[in-house]
Every structure is written in structure tokens, then in C-alpha cells.
Amino acid sequence: MSETVTVNELATHDPAHEPATGERADVLEALAKHRHFLRFTTRDLTDEQAGRRTTASQLCLGGLIKHVAAVERTWVQFILDGPSAMPDFTAMTEADWARRADEFQMLPGETLTGVLADYAEVARQTDELVVTLPDLDATQPLPKAPWSESGARWSARRVLLHIIAETAQHAGHADVIRESLDGAKTMG
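So the sequence shown is numbered by the numbering used here: it starts at 1 and just counts up by one.
Right under this line is the structure:
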């Protein structure tokens, strides 16, 4: 498809819930595997344990899952809406960064059950998009951010690969945090 077709126009395609095949099935399988490893680190934990920092970092298991859910949700919106789905990172204030830091921790009133349910809903929406999006080559310009190359565009495919990488990276972080918490390991 031509780059002049927007992702929003493509998202109106309704393949009547066709099963994923080929590349799309591979993307969904990779995402499912890394999501499982991330969620598995929270097995048998209390809310207090899920919110506890166990390493020198600010990360906790519940916060990591919140962060991965937020990142996945935002990148999926980026596929659909382009850079307007994300903040202008070059204009964020200290207060904006502080609010963003909240997604890395379990806040008062949050539960592990709630965090996992939100992540499951985000995953469901992403999986549906992977199956229904007509063209993984459709691109959007990256948002303004110190780490974004000026004028760069990412395809839906590249965004999905980024989501997989982000999930896998944080599943590794979660494994270290869990082992530091009570010695439990995801593998081994």
C-alpha cells in the first residue's frame, strides 16, 4: 500500500476476526511468550510484595507491569493516530515526568489483580489490532523526543517489534526483582 494511506483508514478493514497467519501469527506468539514471562513473575504474590522495591532501582513488579501496559497502549494508539497519541517529550515539565514515574510503582489503592487485568485488556486490544490491521507497512512520524531521529517514521511492524522488545526487556527486569524478593525464578 502507498504511504499516503493513513493507518486510521486501514483500521476500518474488518476481516471478520480472521485468525492470524504468517508474520502476524509470529508477532502474536512472540508477544504472548514475553507477556507470559512478565506476568509469571507475579505468581503467588500479595499486593504489598508486588509493590516492593527489591533492588537498587526504583522498579517493582506491579509497577513494571503497569509500565509495560502503558507503553503498549500508547504505541498501539500511535499505530492508529500517529504522534498525537504521545506527549511531546521535549516539552515535558518536571510535573509531567513525575506523573510518568507513577506508572513504575504500585500507588495506594492499586492491586496486583487490577494491574494484571488492565494488562490483559491492553494485550487483547493489541492482539486484535495485529490481526485486523490491513497493512503492517503503514507508517507514522515519530513524536518529538530527544531519542527520536528528526523526521523518522515507524511502520506498524516496527512498532510491534518495539513492543516485543520492551516486554522482553522488562520481563528480564521482573525476573531479577522477583528473585531478589523471595528467590523465585521464572526459569531455572
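C-beta: ideal position from N, C-alpha, C; glycine also. The structure presented is a predicted model; accordingly, all values stated were derived computationally and were not measured.
| Terminal residues of the continuous beta strand (DSSP E) containing serine 155? | Unbroken beta strand (DSSP E) run through serine 155: 153-155.
| task | Could you tell me whether the Cβ atoms of leucine 61 and threonine 41 are closer together than 8 Å? | result | With respect to the 8 Å criterion, leucine 61 and threonine 41 are classified as neighbours on the basis of their beta carbons.
| query | Using DSSP with H/G/I as helix, E/B as strand and the rest coil, what is threonine 12? | reply | Since pLDDT at threonine 12 reaches only 42, below the 50 mark, its modelled position is unreliable, and the value read off the structure follows with that caveat. Threonine 12 falls in the coil class under three-state DSSP.
| What did DSSP end up calling alanine 143 once you bin it into helix, strand or coil? | According to the sequence shown, residue 143 is proline rather than alanine. In this structure, proline 143 counts as coil in the three-state DSSP scheme.
| field | arginine 73 versus glycine 151: straight-line alpha-carbon distance, rounded | value | Computed Cα separation, rounded: 23 Å.
| query | Between the stretch 164-177 and the stretch 121-137, do at least 3 Cβ pairs fall closer than 8 Å? | reply | Output reads no: the stretch 121-137 does not touch the stretch 164-177.
| task | Grab me the residues of leucine 28's own chain with a C-beta within less than 8 Å of its C-beta, minus the 5 sequence neighbours each way, in chain order. | result | For leucine 28, where only same-chain residues beyond five positions count, the Cβ hits under 8 Å are Ala20, Asp127, Val130 and Val131.
| field | Euclidean distance between Cα positions of alanine 123 and histidine 162 | value | Their backbone Cα atoms lie some 14 Å apart in a straight line.
| task | Keeping to the same chain, check which residues put their C-beta closer than 7 Å to that of leucine 181; ignore five residues upstream and five downstream. | result | Closer than 7 Å at the Cβ level, and outside the excluded window around leucine 181, lie Gln49, Arg52 and Thr54.
| task | Give every residue of the same chain whose Cβ lies closer than 7 Å to the Cβ of aspartate 175, excluding the five residues on either side of it in the sequence, and list them in chain order. | result | Same-chain partners within the cutoff: Thr41, Lys185 and Thr186.
| Roughly how many angstroms lie between the CA atoms of tryptophan 75 and tryptophan 154, to the nearest whole one? | For tryptophan 75 and tryptophan 154, the distance between alpha carbons rounds to 11 Å.
| Is lysine 33 helix, strand or coil when you go by DSSP? | In the three-state DSSP reduction, lysine 33 falls in the helix class (H, G or I).
| task | Could you tell me whether the Cβ atoms of glutamine 58 and phenylalanine 89 are closer together than 8 Å? | result | Not a contact, by the Cβ cut-off of 8 Å.
| Short Cβ contact (8 Å threshold) for glutamine 140 with phenylalanine 78 | Going by C-beta atoms, glutamine 140 is nearer than 8 Å to phenylalanine 78.
| Check whether glycine 39 and leucine 116 have beta carbons under 8 Å apart | Note that residue 39 corresponds to arginine in the displayed sequence, not to glycine. One thing to note: arginine 39 has its Cβ within 8 Å of the Cβ of leucine 116.
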